[in-house]
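*Asks:* Chains as they are written, first to last, in this note's numbering: chain G, 33 to 401; chain U, 2 to 286; chain B, 112 to 719.
Beta carbons: idealized from backbone N, C-alpha and C, even for Gly.
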Amino acid sequence: MKYVLSISIGAVTFLLICIAWLQSGGLARERMRSSRTPDEATRLLLTQVQARNWDKALSSLANTNDVDKASFVHDLGGSNGSLLTYATLEKFDVWPLHANEQQATVRAKLHYSTAVGPLDDVRDFQVQRAGDTWKVSWPAGKLEKPAPQVIPVNYLRWDVINRGAEDDWGVQNVDSPQVRIVSMNALQRPDRVVILGEIVNEDTIPAYINVGATLLRADGNAMAQENSFDKISHILLPKQVSPYRIDFPGVQLKDIKSVRMDAKSMLVPASADPVIAVNRQRLETDPLGKKVLRGELLNQSGQIVNIPHVLASYYDGSGKVIWVSDGYVDQELQPQIPVSFAVDLPDDIAPKVQNYHVTVNHFSSSHTS
Amino acid sequence: MRALVITVMVATMCCPLLASDLKAPATVVAGTDFVIASAESQGGTFYLIGPSLVSKREVQNGSEISVPGDEIKSAGVYTALLCSGAGCVSTDFYVKPSSPARLSLLAHPSRVRVAEPNAISAVALVFDKFRNLVVEPAQVEFQAVAGEAQPISQSRTAANGIAWIRLTSGKKEGPIKVGAIIGPAKELRVVRQVASDACNLRIKPEWAAGKFYVSTDPVRDCSGNAVPDGTVVSFTKTDRSGKTTVDAPVKRGIARVQMPVDGNARIFVASGVVTGNELNVTGKQ
Amino acid sequence: MGKPAPANLKPLRRIKRLLSFVWEDSKTVETNLLRRPIPLTAIALLAIVVHAPFLFMELPLTTSYDANLHVFFASHYAHHWFNPWNEKWFAGFSQTTYPPLGHQWIAVFSLLVGLRMAYMLVQLAAIVLLAIGVYRFARLWVDERAASYAAAFSVFLGMVSFLVYSAGQLSTTLSAPIYLLALPYFYHWSRSADGRALLKGVVLVLAAASVHHVTLIFGSFLFALPVIWLACMDRKPETSVLSVLFRAAIFAVLAGIGVGAVLFPYWVEIIRHPIEQIPIPHASRSNLLLNMNYLINYFIVPYGALILAMPVVIWLGAGSRRLRPLMLGFWVALLLGLGGTTPVPKWLFGRAFEILTFERFTLSAALLALPIVGLIAASLIDRFGGKAAGALALASVLSMALAMGWLTWSPFHTLSGLNVNSVVEFLNRGGHDHYRYLTLGFGNALPKVSTYAHANSVDGEYNSARLLPEMTHYGSAQLTSSKFFGTAGMESLRAMLKHANNYGLKYIFVHDPYYEPMIAFAGWRQIESYDSGSITVWSKEDVPPARPIQSDAMPTPLEGLLWGTLPMGSSILAIVLAILLPDRHKARGRFVPFPVRTTEPEFAREVR
C-alpha cells in the first residue's frame with residue numbers, strides 16, 4: 033500500500049504538471065525559440081522585441097552587420113520619449129504573404145499597449161533562408177538626426193494671475209476666454225451615436241476648452257452624458273479651431289430628441305510653441321484595404337515633440353463636418369525631420385469626403401499642452 | 002451660542018408683556034452712541050441683540066442705559082432687554098447705515114473687443130464705513146478713461162444701494178479705466194479693449210535661400226488695430242503632393258510659414274472664421 | 112527509549128523503528144533535553160522573540176502588499192464602527208464585502224497605540240496563535256514532542272514570513288490559527304460527542320470566519336475532511352462511523368448557521384452583487400515552471416526547507432494508516448497551491464479559478480505537512496542527536512531568512528514605503544477634499560493616502576468591492592497600477608478619466624511618468640510637484656465638486672449594527688469560553704493513552 037500510494041502520488045503529480053505545461057503553452061514556447069520557417073523566424077524576432085532584448089533581436093537578423101542598432105531600437109522600441117517608449121508589445125499575429133525557396137515576405141500585425149491606449153501596427157518583414165534556418169532581413173538605414181544648428185526661439189507665452197483668496201469679492205478677476213461651437217453634427221454609427229463638430233477660440237488669449245454633450249430623451253430627461261476626452265485639442269490659442277468628437281456607445285439616434293452641448297472654457301497659462309506643419313496630406317487605401325488619411329508632420333520649432341496627436345476633421349460638399357478621426361504617432365518629432373502619420377476613415381464616410389483639415393495636438397515631457 | 006439661545010428665549014417670552022417699559026430712539030445711525038431710557042431705576046442685566054452681535058452687561062442705573070456706537074455697527078433691527086429681580090423689560094429699535102463711505106465696483110468683462118456697443122458694464126454698490134449697504138438714494142459718479150484721452154463721466158443715482166452703467170468700447174485697443182466715485186470713496190477697474198477679428202487678411206509669397214515662405218501682411222482688425230501676437234493663422238496649401246496645413250501664431254504682427262511647393266500650388270489663409278486671399282504659386286526646381 | 116537502531120536497516124525503516132520507540136515508551140520520564148517536547152510557552156516566546164522586532168519596526172507597512180489595506184479598513188471602523196459604508200474608495204463601497212474581525216481588533220487597539228502599532232499587535236497575536244494552533248492540530252496526529260517541533264517550525268515557516276512581510280495577508284494568518292484551534296474540538300465532538308467541544312469549536316469557527324471567510328471555506332475541505340477521517344478511525348469501539356459522520360454534520364450545520372448569522376451583511380451583499388467582474392490576472396494562477404521568478408515567489412520561498420521534506424512526508428503518510436488522511440490533504444493543498452502548474456485547480460474551481468489567488472493553499476499545505484515534519488524531526492534528533500537538532504534549526508532559520516531576503520531580492524517590489532505625506536497634506540487643505548482624486552503609479556501606497564486623507568477616491572485596492580462599470584468591465588485591478596494590466600488596464604483608466612466630471616475626479620497624483628501622456632491629452636494640467644518631482648499633482652479645470660454616488664450596495668442601519676456587534680461578539684465569546692471552560696485534559700493534567708486498534712505501526716496517540 034505504502035509503495036503503491038507513494039509512487040502513484042508521485043506519478044500523478046508529474047503527469048498533472050506535464051498536462052499543465054502543455055496547456056499553458058510550454059510547447060509553443062519551445063517552438064518560439066526555433067526559426068525553421070519564415071513565420072517562426074519572424075515570431076522569434078518579435079518575441080525578442082517583446083522582451084526588449086535588443087541585442088538578441090539584432091543578432092537574429094540576416095543582415096546584422098548592416099543594421100544600425102540605434103536605428104533598429106528606435107524603429108521598434110522608440111526613443112526620445114516617443115510613444116513607443118511608453119509601449120509594450122502585447123501580442124502579434126504573423127502570416128505569410130508569399131515565399132519561395134530562398135526568400136519570403138511575412139506580414140505581422142503588432143498590438144501594443146501604450147500610455148494612451150492600444151496601438152496597432154502592420155509591418156511586412158523580408159525573411160531570407162540561411163542554411164537550415166530563416167532569418168529576418170532588416171532594412172539598413174541610419175537614424176535621421178537633426179543637423180547641429182541654432183534655431184532661434186521667440187515663442188509667446190501667456191501667464192495668469194488670478195484674484196487671491198484674501199482679496200475682496202468686488203475686486204475684478206480675469207474673465208474666462210470666449211469660445212464658440214461653430215459646427216455640430218450627430219451621426220448614427222453601427223454601435224454608437226457620435227456627436228462631432230468644431231470649436232473656435234474667439235478670444236485674444238489662450239483657452240482651456242472641453243466640450244460635453246448630454247443626450248435628451250423625448251420626455252426631456254437626460255439619457256447619457258459624455259465629453260470629448262482626447263478627441264479635441266484642449267488648449268486653443270487665439271482664433272484657433274479644434275475638431276471635437278464625442279462617442280455614445282450603445283445609443284441609438286432614434287431614441288434621442290435633442291442634444292445639449294456644453295462648451296467649457298477656462299483661463300490657463302499656455303505657450304504658442306511648437307509650430308507643427310502637416311504636409312503631403314492625401315486620402316489613400318492602406319495594405320489592409322482600409323481608407324486612411326496620410327501625411328507628414330514637420331516640427332518647425334527647436335524642441336522635440338515626444339508624442340504628436342493628429343486630429344482630422346472631414347467635410348462634405350456643403351462644408352459640413354461629417355467625421356472626426358484621430359491617431360497618435362508612435363515616433364517623436366525631431367526638429368525639421370518629417371514623420372509620417374495615418375489616421376483611419378470609415379469606409380462608408382470616405383466617398384462623401386470633399387475636404388479635410390488636420391490639426392496637431394502634442395505632448396512634450398518638458399511641458400504639456 | 003448657548004447664551005444667545007437663552008437670551009433669545011428670554012426675550013421672546015418677556016417682550017410681549019414688558020415691551021413698553023424700555024424706551025429707545027426709533028432709529029439710530031450705525032456707529033453712534035445713544036441712550037436707552039427706562040422706568041426701572043434699579044440696576045440689572047442689560048442685553049443687546051442685533052443682526053451680528055449679542056452683548057450682555059450689568060448696569061447699575063436702569064433709568065438711563067448708554068449704548069456705545071461700537072455695539073451697533075451693523076444696520077438692522079435690534080432688541081434691548083433689561084432684566085432685574087422684578088422681571089424683564091425690552092424694546093426694539095432700528096439702526097440705519099451711516100453715510101456712504103465705501104464702494105464695491107464690478108466691471109465686466111475684463112476684456113472687450115473694440116467698437117462693441119454697450120459691451121462694458123460697471124456696477125457700483127454703496128456701503129457705509131461699517132460695510133452696511135446704504136439703501137437710501139445716493140449719487141454715484143462713473144468715469145471712463147481710455148489711454149491719455151479726457152475722462153468721460155456720468156452720474157447715476159443708486160437705488161437700494163446699487164448703481165450701474167453700460168459703456169461702449171472704443172475703437173482703439175488698449176486699457177480703459179472704469180471708475181466710480183461717491184463722497185470720499187473711489188474705486189477703479191481696468192477693462193482691456195482688444196482687437197476684433199482679423200479684417201482683410203492677406204498673404205504673400207516669399208522665396209529666401211531656396212525655400213518658399215508664405216507670410217501675411219500685418220494682421221489688423223477692421224478698426225486698424227493689430228491682432229494680438231499669438232493669434233493663430235491657418236495656412237492651407239494644395240499641390241501635387243497633397244495638402245499641407247500649418248497653424249502659425251502671429252508674431253510681431255505677422256504670421257509666416259515655410260512650405261515645400263511641388264508644381265502649381267494654391268494657398269489659402271484663414272484666422273478663426275475669417276478667410277483671406279488665395280495665392281497661386283509655382284514651385285521652383 | 113533511546114534504544115539504538117540496528118545499523119544495517121534502511122534509513123526510513125530506522126526512522127520508523129525509532130518513532131515506534133518514542134510512543135511505546137511515552138510513559139517513561141525523559142531526561143534528555145533533546146528528546147523532550149518543547150514547552151508551548153517557550154514556543155510562544157520564540158514566536159514573539161523572532162517576529163516582534165520585525166513587527167515593531169513596522170516592516171509589513173513598508174514591504175508588504177496588503178498591510179496598508181488592512182490599516183485602511185481598520186481606520187474606517189475606528190471612526191465609523193457601525194457604518195460599514197466607506198466613501199473613500201470606488202466612490203463608495205461597503206466594507207461588509209470583507210469580514211471585519213481583524214480590522215475591528217486593530218481599530219480597538221488603535222485607540223491605545225495608534226493604527227500602525229495596532230496592526231502590528233494583531234499580527235503578532237496571529238503569529239503566536241498560529242504556533243499554538245499548529246501544536247493543537249498536530250497533537251491530533253502525532254505525539255506531544257513531534258507536535259511541539261511542528262509548532263516551533265511554524266514560527267520559521269517561509270510561508271508565514273511570506274504572508275506577513277511580503278503579502279501582508281493579516282486575515283489569512285489570523286484566521287488560519289483560529290481555525291486550527293477549532294479543529295481539535297471538532298475532532299472531539301465528532302469522536303466522542305463532547306458538548307463543550309461542540310460549543311467551543313463552533314464559536315471558534317465563527318471567529319475564524321469573522322476574520323476571513325475564504326480561509327474557512329477552503330479549510331473546511333482541506334483540514335476538516337482529514338480530521339473527520341481521523342475521528343472515524345479513532346472512534347470509540349461502541350460508536351459507528353455513521354454516528355461520527357452525523358456528529359460532524361451537526362457541527363457543520365451549526366457552524367454554517369452561525370457563520371450565516373454572524374456574517375449576515377456579507378451574504379446579503381454577495382447575493383445582491385455577486386462577483387461578475389472580468390477576471391483579473393494574478394501570478395499565482397500562472398504555470399510557475401514557465402517563470403523562474405514566480406516559481407521562487409510562490410514555491411521555493413514559501414516552502415523553504417520544507418521542500419526537502421516533501422518526499423518523506425508523502426512516504427511516511429502513505430505508510431501510516433493514521434497519517435494517510437493528513438498526507439492526502441497535504442497533497443491536494445500542494446497541488447492547489449501550485450496554481451496553474453497543474454490543471455487540478457482549474458478542474459476543481461471552474462470559473463472561480465480566475466477569481467481566486469492560490470498562495471493561500473500553500474499555507475494550508477505547509478500547515479498540513481507540519482505534523483509529519485515534526486515526526487521526522489523527532490526521529491532525526493533521536494537518531495543523530497544534537498547534529499540533527501542543529502541542522503533542523505539551521506534549515507528553519509534559513510527558510511525564514513530566504514523569505515525575508517526575498518523582500519529585497521525579489522523583482523516584485525511594493526511601493527508601500529512611498530512617502531505620501533505631501534499628497535495627504537495637499538488633499539487636506541484648501542477645500543481639495545471637495546473633489547475626488549486618483550493616484551497613478553502609487554501601487555500599495557494608495558491605502559496609505561486614503562487612510563489619512565479626507566478626500567475620496569474613485570480607485571481602491573480591494574477588487575471584490577468594486578461596482579463601478581469603469582473598473583469591472585475591463586479585467587484589470589487597481590487604476591493606480593493600470594499599466595501592469597496592459598490594454599485592459601489602460602482602457603479601464605481611460606474609461607474612468609472620461610467620466611471624471613461625473614465623479615468629481617479633479618486631482619490626479621502621478622508617481623510614474625508613464626501615465627502623463629494620457630492625462631495630459633485628456634485635459635489635466637500639472638499644478639504642483641513634490642519630492643524633487645517624483646510625485647506630480649495634476650488638475651482638470653472644469654470638474655465640478657464631487658457628489659455622492661447613489662448605490663444599492665449601501666448597507667442598512669440594521670446591517671451596520673449586526674456588522675459592528677456579531678463578529679466582535681464571536682471573538683469575545685471565544686475568549687470567554689476559553690477562560691470559563693478550560694479543556695478537560697488541562698484540568699486533569701494528564702493524557703489518556705488511546706488504545707491501539709491497528710496492526711500497523713502506530714504514529715500518534717490521541718489527546719484528550
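Could you check which residue in B:Gly600, B:Asp544 and B:Ala262 has the C-alpha nearest to that of Val239 (chain B)?
*Replies:* Closest by alpha carbon: B:Ala262.
*Asks:* Which of the three DSSP states is assigned to Leu48 (chain G) in this structure?
*Replies:* Three-state DSSP puts Leu48 (chain G) in a helix.
*Asks:* Let me make sure I understand the geometry here. Which of B:Val569, B:Phe553, B:Ser303 and B:Lys559 has the alpha-carbon closest to that of Arg547 (chain B)?
*Replies:* Cα-wise, what sits closest to Arg547 (chain B) is B:Val569.
*Asks:* Who pairs with Thr647 (chain B) in a beta bridge, going by DSSP?
*Replies:* Answer is B:Val621 and B:Ser640.
*Asks:* If you reduce the DSSP assignment to three classes, tell me which class Thr473 (chain B) lands in.
*Replies:* In this structure, Thr473 (chain B) counts as helix in the three-state DSSP scheme.
*Asks:* Compute the Euclidean distance between the alpha carbons of Val385 (chain G) and Ile204 (chain U), then round it to the nearest angstrom.
*Replies:* Those two C-alpha atoms are separated by around 27 Å.
*Asks:* What span of residues does the alpha helix (DSSP H) with Leu223 (chain B) cover, start to end?
*Replies:* It spans Leu212 to Val224 - the alpha helix (DSSP H) in which Leu223 (chain B) sits, taken as one unbroken run.
*Asks:* Is the Cβ-Cβ distance between His545 (chain B) and Tyr618 (chain B) less than 8 Å?
*Replies:* No. Outside cutoff.
*Asks:* If you draw a straight line from the alpha carbon of Asp262 (chain G) to that of Pro275 (chain G), how long is it in whole angstroms?
*Replies:* Between Asp262 (chain G) and Pro275 (chain G), the C-alpha separation is close to 11 Å.
*Asks:* Return the chain-ordered list of same chain residues with a C-beta closer than 6 Å to the C-beta of Glu135 (chain B), the five sequence neighbours on each side being excluded.
*Replies:* Unreliable placement is indicated for Glu135 (chain B), whose pLDDT of 42 sits below 50; the coordinate value is still reported in the next sentence. Excluding positions up to five away in sequence, the list is empty.
*Asks:* Which residues of the region 292-321 of chain G have a Cβ closer than 8 Å to any Cβ of chain B? Give them in chain order.
*Replies:* Hits within the stretch, in order: Lys296, Met298 and Val300.
*Asks:* Take Arg247 (chain B) and list the residues in its own chain whose beta-carbon comes closer than 7 Å to its own, dropping the five residues that flank it on each side.
*Replies:* Here the set comprises Leu291, Leu292 and Pro295.
*Asks:* Below 9 Å between beta carbons is the criterion; list the residues of the region 263-288 of chain G that meet it against any residue of chain U, in chain order.
*Replies:* Of all residues in the region 263-288 of chain G, Leu268, Leu269, Pro270, Lys271, Gln272 and Val273 have a Cβ within less than 9 Å of some Cβ in chain U.
*Asks:* With DSSP as the reference, label Pro171 (chain B) as helix, strand or coil.
*Replies:* Three-state result, Pro171 (chain B): helix.
*Asks:* Which residues in chain U have a C-beta closer than 7 Å to the C-beta of Val232 (chain G)? List them in chain order.
*Replies:* Chain U residues near Val232 (chain G): Gly273 and Val274.
*Asks:* Please classify Glu627 (chain B) as buried or exposed, where buried requires at least 16 other C-beta atoms within 10 Å of its C-beta.
*Replies:* Answer is buried; the Cβ neighbour count reaches 16.
*Asks:* Please list, in chain order, the chain G residues whose beta carbon lies closer than 7 Å to that of Ala249 (chain U).
*Replies:* What Ala249 (chain U) touches in chain G: Val307.
*Asks:* Looking at chain G, which residues of the region 606-618 of chain B have a Cβ within less than 9 Å of any of its Cβ atoms?
*Replies:* Here the close residues are Leu608, Lys609, His610, Ala611, Asn612 and Asn613.
*Asks:* Which of the three DSSP states is assigned to Tyr95 (chain U) in this structure?
*Replies:* Here Tyr95 (chain U) sits in strand by DSSP.
*Asks:* Out of U:Val275, U:Ala108, U:Arg114 and U:Thr276, state which residue places its alpha-carbon closest to the alpha-carbon of Ser224 (chain U).
*Replies:* Nearest of U:Val275, U:Ala108, U:Arg114 and U:Thr276 to Ser224 (chain U), Cα basis: U:Arg114.
*Asks:* Which bits of chain G does Lys252 (chain U) rub up against, with CB to CB less than 9 Å?
*Replies:* Simply Asn186, Tyr187, Leu188 and Ala304.
*Asks:* Applying the criterion that 16 or more other CB atoms from any shown protein chain within 10 Å of the CB defines a buried residue, is Asn311 (chain G) buried or exposed?
*Replies:* Label assigned to Asn311 (chain G): buried.
*Asks:* Just to confirm my understanding: we take Asn393 (chain G), look at its own chain, exclude 5 residues before and 5 after, and list those with CB closer than 7 Å. What are they?
*Replies:* The residues are Ser265, His341, Leu343 and Ser401.
*Asks:* Under a CB-based cut-off of 8 Å, is Asp230 (chain U) close to chain G?
*Replies:* Yes, because at least one Cβ of chain G sits closer than 8 Å to the Cβ of Asp230 (chain U).
*Asks:* Using three-state DSSP, classify Glu135 (chain B) as helix, strand or coil.
*Replies:* Reliability of the predicted coordinates at Glu135 (chain B) is poor, the pLDDT of 42 falling under 50, and the value obtained from them is presented with this limitation in mind. Looking at Glu135 (chain B) - three-state DSSP - the assignment turns out to be helix.
*Asks:* Alpha carbon to alpha carbon, how far is Leu157 (chain B) from Phe165 (chain B)?
*Replies:* Their backbone Cα atoms lie some 13 Å apart in a straight line.
*Asks:* Suppose contacts are defined by Cβ-Cβ distances below 8 Å. Is Thr283 (chain B) in contact with Arg471 (chain B) by that definition?
*Replies:* Yes; because the gap between Cβ atoms is below 8 Å, this pair is in contact.
*Asks:* Leaving out five residues on either side along the sequence, give the residues of the same chain with a beta carbon under 8 Å from the beta carbon of Thr96 (chain G).
*Replies:* Hits under 8 Å: Leu90.
*Asks:* Take Ala698 (chain B) and list the residues in its own chain whose beta-carbon comes closer than 6 Å to its own, dropping the five residues that flank it on each side.
*Replies:* With a pLDDT of only 43 at Ala698 (chain B), under 50, the local geometry of the prediction cannot be trusted, and the value read off the model is given with reservation. Nothing listed; no residue qualifies.
*Asks:* Among U:Val191, U:Lys244 and U:Val127, which has the Cα closest to the Cα of Val390 (chain G)?
*Replies:* The shortest C-alpha separation from Val390 (chain G) is found at U:Lys244.
*Asks:* Do you know whose CA, among U:Ser154, U:Glu174 and U:Arg221, lies nearest Gly148 (chain U)'s CA?
*Replies:* Ranking U:Ser154, U:Glu174 and U:Arg221 by Cα distance to Gly148 (chain U) puts U:Glu174 first.
*Asks:* Which residues in the same chain have their Cβ closer than 7 Å to the Cβ of Gln777 (chain B), if we skip the five residues on either side of it in sequence?
*Replies:* Examination of residue 777 (chain B) is not possible in this model, given that chain B is present from 112 through 719 alone.
*Asks:* Which of helix, strand or coil does DSSP assign to Phe523 (chain B)?
*Replies:* If DSSP states are grouped into helix, strand and coil, Phe523 (chain B) belongs with coil.
*Asks:* What's the C-alpha gap between Glu59 (chain U) and Ile66 (chain U)?
*Replies:* So the alpha carbons of these two residues sit roughly 10 Å apart.
*Asks:* Using a 10 Å radius around the Cβ and a threshold of 16 neighbouring Cβ atoms, would you call Leu353 (chain B) buried or exposed?
*Replies:* Exposed, by the Cβ-count rule.
*Asks:* Which chain G residues are close to Val233 (chain U), counting only those with a beta carbon under 7 Å from its beta carbon?
*Replies:* Neighbours of Val233 (chain U) on chain G, chain order: Leu269, Pro270, Lys271 and Gln272.
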